[in-house]
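Have a look at the structure below before the remarks.
Residue numbers (the numbering used here): 3 to 767.
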């Protein structure tokens with residue numbers, strides 16, 4: 003009988019043991035599985051969720067090519083629709099290093115030719131061409147069409163692969179440096195970096211378009227059916243309030259002033275419409291060309307920097323950056339200065355409005371002997387005229403620019419009331435003109451309690467004539483507008499209209515009245531007083547025959563600088579009996595080497611006179627001469643060419659002497675030329691068949707000479723004088739201050755030399 007082992011004994015426990023082992027194995031396997039799959043799951047989560055956008059972009063990049071369609075930046079026009087800035091098609095040159103490598107192109111040849119054509123750096127091109135993982139390496143931006151065509155010829159002639167061109171745009175400024183600080187400029191990316199270009203960057207910039215095409219595994223474009231096209235949207239255009247002709251006249255006269263008076267730190271100024279707040283012209287010299295904004299525009303500064311560069315001066319880089327910054331700066335808006343005596347007009351307007359003074363009031367000025375002491379101030383207040391002005395009417399204190407008189411008026415007004423008017427005239431706020439970087443004023447502590455304190459009273463006294471605080475020219479010009487336009491403070495502005503890409507007007511700006519500061523009557527009185535300043539006071543060198551001019555001169559110290567440098571200025575209004583424009587002329591540090599007394603009346607006022615002579619006829623404002631002006635007015639020479647001698651004599655109408663050269667029947671030439679303006683009684687030379695005298699003579703330096711001496715010298719040289727400026731040329735103190743032809747220059751006989759005269763017996767400190 004077969005026997006079997008006893009399975010009962012210990013069987014269940016063995017089975018349980020095997021189950022336990024199995025469970026352990028399963029647990030271990032599960033743990034191992036989890037440990038194995040968790041990183042995969044985490045990585046999958048990162049790929050699909052966390053970095054989805056990144057890998058999607060990489061996939062798209064591997065499968066597509068994108069070409070940008072540059073939107074055209076809007077055009078900037080002056081008020082007469084003359085183009086001041088525009089964008090034109092240009093091209094971007096870029097490399098596809100991947101394509102260069104695939105076609106085994108000669109990198110040295112590519113770098114050599116492109117560096118020659120584009121003026122680019124050879125090593126930089128080589129470095130970019132070797133980035134074989136890339137398909138887009140920019141070599142040159144904003145390349146003109148003619149240069150791009152040279153690149154195309156190179157590609158064609160040498161059968162080059164891997165050089166591509168992409169349409170872009172380039173900004174052009176057709177008038178070069180005209181209104182450079184106002185218009186500003188753009189960077190290489192076509193975004194505005196200064197001026198209107200920066201302030202209205204969002205308006206001018208459009209939205210770039212895009213061409214998306216598929217590419218194969220080798221990075222090559224596939225068929226056009228895979229192409230998507232997204233149109234570019236061009237930017238809007240701007241019409242400025244600026245008038246390019248007025249801007250030119252302003253810059254021309256400022257440049258002449260810098261030359262005539264050897265102005266060390268440049269000149270700046272503006273022209274505004276007194277009734278609207280529109281800025282017609284705004285300039286800062288020294289200037290630059292926005293087509294080449296990084297190049298230094300001023301020749302003297304450029305030469306100085308080049309010398310530093312040649313010797314390896316370590317300060318060259320920082321000085322270059324500073325020079326660039328200075329020439330980009332719009333000093334009319336971005337800089338503050340002490341206005342000096344030009345601020346007396348504000349003080350007078352306040353005193354009149356508050357009935358602190360009346361036209362019947364008088365003031366006796368004893369000059370330096372009658373010093374005025376104010377608590378809180380160590381030095382006395384004295385008049386610039388040491389001998390004093392003696393007894394003056396109220397209007398004469400402004401015309402004579404008498405400091406003690408205005409300190410007295412301010413103390414009568416009182417600190418709190420004076421403070422209120424400063425605020426009303428806008429001196430504590432920015433004007434909010436549509437330009438970037440407008441500076442605020444720098445004033446006394448902004449509490450009324452300060453101006454009531456002892457030191458505050460001292461500040462008030464000297465503040466009455468424009469010291470101990472700093473304001474911007476645009477603030478003061480805006481205040482002057484309100485003084486003469488009936489009392490209305492206007493917001494100055496530069497943007498007249500915004501146009502869409504089709505030329506339709508989508509925004510039309512109109513004048514903004516901020517508040518009325520003074521009454522119509524006070525404004526009328528101020529116009530009369532400001533005219534007296536020019537007709538017989540410190541501003542007499544701003545006179546212009548045929549026009550009634552008003553204004554105020556100023557000469558200010560740079561208190562915050564340890565120098566005795568001065569700034570001279572003139573704020574003028576024309577015509578003062580029907581105000582249309584305000585002009586501001588500021589000259590920063592005229593040289594003492596000129597030998598002239600440094601003052602706004604002697605230096606800035608004549609510049610304003612010349613500017614008015616250019617602008618007023620341009621604006622269609624006809625002259626109206628007084629009897630005195632008519633008696634001294636130069637006469638226009640008629641056109642005599644082709645006339646018989648008798649007809650020529652009749653045309654001259656006994657206003658000129660006549661000298662006849664030749665024996666022909668008809669006039670073949672004349673000296674001076676037709677339409678020249680010369681004094682009555684001058685000799686006109688009539689040529690009857692003879693050749694005109696074309697000899698040249700050397701121009702003398704006429705500055706400082708009386709009108710009689712100038713006329714005699716020019717007549718001796720065979721030249722003619724056309725006088726402008728101060729009409730009282732019979733006075734010994736009225737002398738030549740500027741001449742149209744520089745001393746030492748050769749000039750043809752018969753030329754008419756414009757000579758401006760000014761009275762040296764003026765002051766305004």
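Think of the CB as a built atom: it goes at the ideal place given N, C-alpha and C, for glycine as much as any other residue. If you're wondering where the values come from, they're calculated on a predicted model, not measured in any experiment.
Spatial distance of residue i from residue j (CA atoms)
{"i": "residue 20", "j": "residue 51", "result": "44 Å"}
{"i": "residue 340", "j": "residue 741", "result": "30 Å"}
{"i": "residue 582", "j": "residue 685", "result": "39 Å"}
{"i": "residue 839", "j": "residue 79", "result": "The structure shown does not extend to residue 839, since the chain is modelled only from 3 through 767, so no value can be given for it."}
{"i": "residue 529", "j": "residue 703", "result": "37 Å"}
{"i": "residue 225", "j": "residue 109", "result": "Low local confidence applies: a pLDDT of 48 at residue 225 is under 50, so the model's placement there is unreliable, and no value is given."}
{"i": "residue 94", "j": "residue 140", "result": "7 Å"}
{"i": "residue 467", "j": "residue 194", "result": "39 Å"}
{"i": "residue 714", "j": "residue 493", "result": "51 Å"}
{"i": "residue 90", "j": "residue 187", "result": "15 Å"}
{"i": "residue 371", "j": "residue 393", "result": "15 Å"}
{"i": "residue 400", "j": "residue 369", "result": "15 Å"}
{"i": "residue 246", "j": "residue 733", "result": "38 Å"}
{"i": "residue 518", "j": "residue 561", "result": "33 Å"}
{"i": "residue 759", "j": "residue 150", "result": "55 Å"}
{"i": "residue 423", "j": "residue 352", "result": "7 Å"}
{"i": "residue 308", "j": "residue 294", "result": "17 Å"}
{"i": "residue 764", "j": "residue 535", "result": "11 Å"}
{"i": "residue 441", "j": "residue 426", "result": "18 Å"}
{"i": "residue 276", "j": "residue 556", "result": "20 Å"}
{"i": "residue 652", "j": "residue 666", "result": "18 Å"}
{"i": "residue 748", "j": "residue 697", "result": "10 Å"}
{"i": "residue 25", "j": "residue 40", "result": "22 Å"}
{"i": "residue 658", "j": "residue 604", "result": "33 Å"}
{"i": "residue 85", "j": "residue 283", "result": "15 Å"}
Assigned exposure category for residue i - 16 Cβ within 10 Å defines buried
{"i": "residue 227", "result": "Because residue 227 carries a pLDDT of 49, less than 50, the predicted location of this residue cannot be relied on, and no value is offered for it."}
{"i": "residue 463", "result": "buried"}
{"i": "residue 414", "result": "exposed"}
{"i": "residue 473", "result": "buried"}
{"i": "residue 124", "result": "exposed"}
{"i": "residue 389", "result": "exposed"}
{"i": "residue 563", "result": "exposed"}
{"i": "residue 38", "result": "exposed"}
{"i": "residue 508", "result": "exposed"}
{"i": "residue 5", "result": "At residue 5 the pLDDT is 48, less than 50, meaning the model places this residue with poor confidence and gives no usable figure here."}
{"i": "residue 739", "result": "buried"}
{"i": "residue 515", "result": "exposed"}
{"i": "residue 391", "result": "buried"}
{"i": "residue 526", "result": "exposed"}
Cross-strand partners of residue i (DSSP beta bridge)
{"i": "residue 367", "result": "392"}
{"i": "residue 270", "result": "286 and 588"}
{"i": "residue 557", "result": "570"}
{"i": "residue 96", "result": "140 and 166"}
{"i": "residue 1", "result": "Because the chain spans 3 through 767 in this model, residue 1 falls outside it and cannot be assessed."}
{"i": "residue 698", "result": "750"}
Pick from the options that is closest to residue i, judged by C-alpha positions
{"i": "residue 263", "options": "596, 720 and 683", "result": "596"}
{"i": "residue 192", "options": "207, 182, 183 and 198", "result": "207"}
{"i": "residue 640", "options": "631, 632, 660 and 623", "result": "660"}
{"i": "residue 137", "options": "100, 155, 150 and 147", "result": "100"}
{"i": "residue 574", "options": "567, 592, 436 and 609", "result": "609"}
{"i": "residue 636", "options": "628, 679 and 122", "result": "679"}
{"i": "residue 384", "options": "403, 394, 378 and 157", "result": "403"}
{"i": "residue 586", "options": "344, 272 and 757", "result": "272"}
{"i": "residue 168", "options": "144, 182 and 316", "result": "144"}
{"i": "residue 670", "options": "92, 692 and 480", "result": "692"}
{"i": "residue 175", "options": "602, 76, 538 and 233", "result": "76"}
{"i": "residue 728", "options": "646, 551 and 556", "result": "551"}
{"i": "residue 233", "options": "239, 211 and 718", "result": "211"}
{"i": "residue 377", "options": "429, 460 and 328", "result": "460"}
{"i": "residue 539", "options": "324, 690, 343 and 420", "result": "343"}
{"i": "residue 612", "options": "205, 255, 250 and 314", "result": "255"}
Near the ligand FMN: residue i beta-carbon under 7 Å from a heavy atom
{"i": "residue 580", "result": "In the structure on display, the ligand FMN does not appear, and there are no ligands present to speak of."}
Which runs of the beta strand (DSSP E) fall wholly inside the segment 130 to 218 and span at least 3 residues, in chain order? Within the segment 130 to 218, complete beta strand (DSSP E) segments of at least 3 residues are found at 139 to 145, 165 to 174 and 211 to 216, given in chain order.
Beta strand (DSSP E) runs contained entirely in the segment 720 to 748, provided each spans 3 or more residues: Fully contained in the segment 720 to 748 are the following beta strand (DSSP E) runs of length 3 or more, in chain order: 722 to 727 and 736 to 741.
To test your reading of the DSSP string, which unbroken alpha helix (DSSP H) runs of 4 or more residues are found completely within the segment 620 to 685? Along the length of the segment 620 to 685, whole alpha helix (DSSP H) runs at least 4 residues long occupy 629 to 634 and 647 to 654, reported in chain order.
To test your reading of the DSSP string, which unbroken beta strand (DSSP E) runs of 3 or more residues are found completely within the segment 488 to 569? Runs found: 490 to 492, 497 to 501, 507 to 510, 515 to 518 and 552 to 559.
Along the chain, which unbroken stretches of the alpha helix (DSSP H) at least 4 residues long are found entirely within the segment 375 to 441? Counting whole runs of 4 or more residues, the segment 375 to 441 contains the alpha helix (DSSP H) stretches 396 to 401, 405 to 415 and 417 to 426.
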